Amino acid sequence: MMGHMDLEALALTLRLALVTTALLLFLAVPLAAWIVFTRSRLRPLIEALTTLPLLLPPTVLGFYLLVLLGPRMAFGRAWIALTGHPLAFSFAGLVVGSVIYSLPFAVQPLVAGFAGIDTALLDQARLLGASRLRLLGRVLLPLSARSVLTAVVLCFMHTVGEFGVVLMIGGNIPGATRTLSILIYDQVQDFAYGQANRTALLLVVISLAALVLLYSQRRSKLGEARRA
Amino acid sequence: MLEVPILEVEVQFVRAELRLEAQFELRSDWTVLFGPSGAGKTTLLRILSGLLPPDRGRISLGGRVLTDTATHVNVPPGQRRIGFVTQQPALFPHLTGRANISFGLGTFGRAESEQRIDEMLELFDATSFANRRPAALSGGEQQRIALARALAPQPELLLLDEPFAALDIATKSAIVEKLHASGVPVLYVSHALADAWEINADAVVLEAGRIASTGAARDVLAPYRDRLLEQLGGGVASDARLRA
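Chains G and V, in that order, give the protein sequences. According to our numbering, the first sequence is numbered sequentially starting from 1. According to our numbering, the second sequence is numbered sequentially starting from 1.
Printed below as a string of structure tokens:
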């Protein structure tokens, strides 16, 4: 049976994953389109910055975010002046950290999807007078639907399983920043292996279900050949 | 023969393997742009359509300036009123034939758009397969939809880059007839003489990036026809169309 702590952490984790995924899609779609189609010399730098969270230890990212969001930096001070409380150790702070930490998981599949679209189709869209928004909505996104799904599932699951960044910038506050992965850490620290097992199994089931959903959308080569 | 040129072109475009310097006018409703592979025909069409900016030059369509590097004019492809169809139909695979045709009709009202789509489908005998997606269409059917899509927004010029190379002669003839019926001026590109030969057309010959000759097709293409017939065995033409 799931305890109160488990349910609270599960609800918080799902809320964090949903908010992060929605924000990431909003950011990553135009960013990925820019990376694929720009001729700017800044492209390699921007692409490297978006990929960096993939390579950095979460503690490095968490540390810098903690400093940035804290009262010593202008951004942190401005946030406190605006809301009355610091961004660090709050749900909003977790969202900021999660968005940055999972950015590559949204951008990379979308870049691959957009780059794989036949340029002849993009030429036709331009010849037929499509605006950038129409090109995105009518051509790029529909033709990259599987990449969009991959980005959504990866972002969601990456956020659900996030540990280092959450611990660094969120701390361990029940109901506010204690996610499932932090809860497992707590339970193990308390030698409550039975509870830790239940919480861990919950994460395994959620992750497996998400991956089955993702892979069920991919047709096997053999299946495609039979359909052809 | 029209008094005012349909299209006036003077462009220069230099890349590693191609030096394109072309100056010509279109005055006929059907003009063949003929030349060997690698002469720069496709590059020239991409420049005319606005997909590729020239290094230098000026392009005007019916007196309207589309490109002028001296005054930094470069009208975007979608505002040039030029249709462009290539050998690859490039239909949007997730849309039906009908939705493909409607794609370029964003400025039309709903009723006007539907009427225009029906007209195009009728012109190209495509009504029966209009609600299918491209994957369920034959090559000829896809090309009919691609032409209908290019003509639907009422362009002032249609660029055709070897669009019938993969089609049989009967299908090609039927489609060409429909294109003549549309009344839209056509610049038709081919490297194959049998494909390019149109007795009542003008021709522009492009060789190694330069205009080698222009004029009536029967005059301009005659030396190429004679050379081909000679290669085929002293007048034993395999293709009756070349003897027209």
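Idealized CB from N, CA, C, for every residue including glycine. What you are looking at is a predicted structure, and each value in this text was computed from that prediction instead of being measured.
Any chain G beta carbon closer than 8 Å to residue i
{"i": "methionine 1 of chain V", "result": "Any answer about methionine 1 of chain V is weak, because its pLDDT of 48 lies below 50 and its placement is not dependable; what the coordinates show is given next. Not an interface residue."}
{"i": "phenylalanine 124 of chain V", "result": "no"}
{"i": "proline 153 of chain V", "result": "yes"}
{"i": "phenylalanine 108 of chain V", "result": "no"}
{"i": "valine 11 of chain V", "result": "no"}
{"i": "glutamine 115 of chain V", "result": "no"}
{"i": "valine 236 of chain V", "result": "Caution is warranted here: a pLDDT of 49 is assigned to valine 236 of chain V, below 50, making its placement in the model unreliable, and no coordinate value can be reported."}
{"i": "threonine 127 of chain V", "result": "no"}
{"i": "phenylalanine 267 of chain V", "result": "For chain V, the structure presents residues 1 to 244; residue 267 of chain V sits outside this window and is missing."}
{"i": "glycine 104 of chain V", "result": "yes"}
{"i": "alanine 136 of chain V", "result": "no"}
{"i": "phenylalanine 92 of chain V", "result": "yes"}
{"i": "glutamine 88 of chain V", "result": "yes"}
Expected contact under 8 Å - CB spacing of residue i and residue j to nearest Å
{"i": "leucine 158 of chain V", "j": "valine 186 of chain V", "result": "5 Å"}
{"i": "phenylalanine 24 of chain V", "j": "aspartate 55 of chain V", "result": "Contact flag wrong, Cβ pair sits at about 18 Å."}
{"i": "cysteine 155 of chain G", "j": "serine 102 of chain G", "result": "5 Å"}
{"i": "glycine 76 of chain G", "j": "leucine 69 of chain G", "result": "5 Å"}
{"i": "leucine 202 of chain G", "j": "leucine 167 of chain G", "result": "About 19 Å; that fails the 8 Å criterion."}
{"i": "alanine 90 of chain V", "j": "alanine 146 of chain V", "result": "7 Å"}
{"i": "phenylalanine 114 of chain G", "j": "alanine 32 of chain G", "result": "6 Å"}
Per-residue burial, residue i [other beta carbons within 10 Å of its own, 16 or more giving buried]
{"i": "lysine 84 of chain V", "result": "Note that residue 84 of chain V is phenylalanine in the sequence shown here, rather than lysine. It is buried - the Cβ of phenylalanine 84 of chain V has at least 16 other Cβ atoms within 10 Å."}
{"i": "serine 40 of chain G", "result": "exposed"}
{"i": "alanine 120 of chain G", "result": "exposed"}
{"i": "glutamine 231 of chain V", "result": "exposed"}
{"i": "isoleucine 182 of chain G", "result": "buried"}
{"i": "glutamine 154 of chain V", "result": "exposed"}
{"i": "phenylalanine 124 of chain V", "result": "buried"}
{"i": "leucine 7 of chain G", "result": "exposed"}
{"i": "proline 44 of chain G", "result": "exposed"}
{"i": "isoleucine 101 of chain V", "result": "buried"}
{"i": "valine 220 of chain V", "result": "buried"}
{"i": "proline 163 of chain V", "result": "buried"}
{"i": "glutamate 8 of chain V", "result": "buried"}
{"i": "glutamine 187 of chain G", "result": "buried"}
{"i": "isoleucine 6 of chain V", "result": "buried"}
{"i": "tyrosine 188 of chain V", "result": "buried"}
{"i": "aspartate 202 of chain V", "result": "buried"}
{"i": "threonine 86 of chain V", "result": "buried"}
{"i": "serine 128 of chain V", "result": "exposed"}
{"i": "glutamine 79 of chain V", "result": "exposed"}
Contact with chain V by residue i, beta-carbon distance below 8 Å
{"i": "valine 204 of chain G", "result": "no"}
{"i": "arginine 132 of chain G", "result": "no"}
Continuous alpha helix (DSSP H) stretch holding residue i: start and end
{"i": "arginine 144 of chain V", "result": "139-151"}
{"i": "valine 67 of chain G", "result": "58-69"}
{"i": "glutamine 124 of chain G", "result": "119-127"}
{"i": "glycine 76 of chain G", "result": "74-83"}
{"i": "arginine 218 of chain G", "result": "Element bounds for arginine 218 of chain G: n/a, residue is neither H nor E."}
{"i": "phenylalanine 156 of chain G", "result": "145-160"}
beta-carbon residue i near the ligand GDP non-hydrogen atom, thresh 7 Å
{"i": "serine 28 of chain V", "result": "Among the components of this structure there are no ligands whatsoever, and the ligand GDP is therefore not found."}
First and last residue of the uninterrupted beta strand (DSSP E) at residue i
{"i": "glycine 97 of chain G", "result": "Segment 91-115 is the alpha helix (DSSP H) holding glycine 97 of chain G; no beta strand (DSSP E) there."}
{"i": "isoleucine 211 of chain V", "result": "210-216"}
{"i": "threonine 107 of chain V", "result": "Counting along the chain, threonine 107 of chain V falls outside any beta strand (DSSP E), and DSSP gives it neither H nor E."}
{"i": "glutamine 12 of chain V", "result": "7-15"}
{"i": "aspartate 190 of chain G", "result": "Here aspartate 190 of chain G belongs to no beta strand (DSSP E), and DSSP marks it neither H nor E."}
{"i": "threonine 38 of chain G", "result": "It is not in any beta strand (DSSP E) - threonine 38 of chain G carries neither H nor E in the DSSP assignment."}
Chain V contacts from the region 109-129 of chain G (Cβ-Cβ distance under 8 Å): Asp118, Ala120, Leu121, Asp123, Gln124, Ala125, Arg126, Leu127, Leu128, Gly129
Within 9 Å of chain G by C-beta, residues of the region 38-52 of chain V in sequence order: Arg46, Ser49, Gly50, Leu51
Residues of the region 50-83 of chain V with Cβ closer than 9 Å to any Cβ of chain G, in chain order: Taking 9 Å as the Cβ-Cβ cut-off against chain G, the residues of the region 50-83 of chain V that qualify are Gly50, Leu51, Pro76, Pro77, Gly78, Gln79, Arg80, Ile82, Gly83.
Chain V contacts from the region 138-163 of chain G (Cβ-Cβ distance under 8 Å): Arg138, Val139, Pro142, Leu143
Interface residues of the region 53-82 of chain G facing chain A [CB-CB below 9 Å]: The structure shown contains no chain A; its protein chains are G and V.
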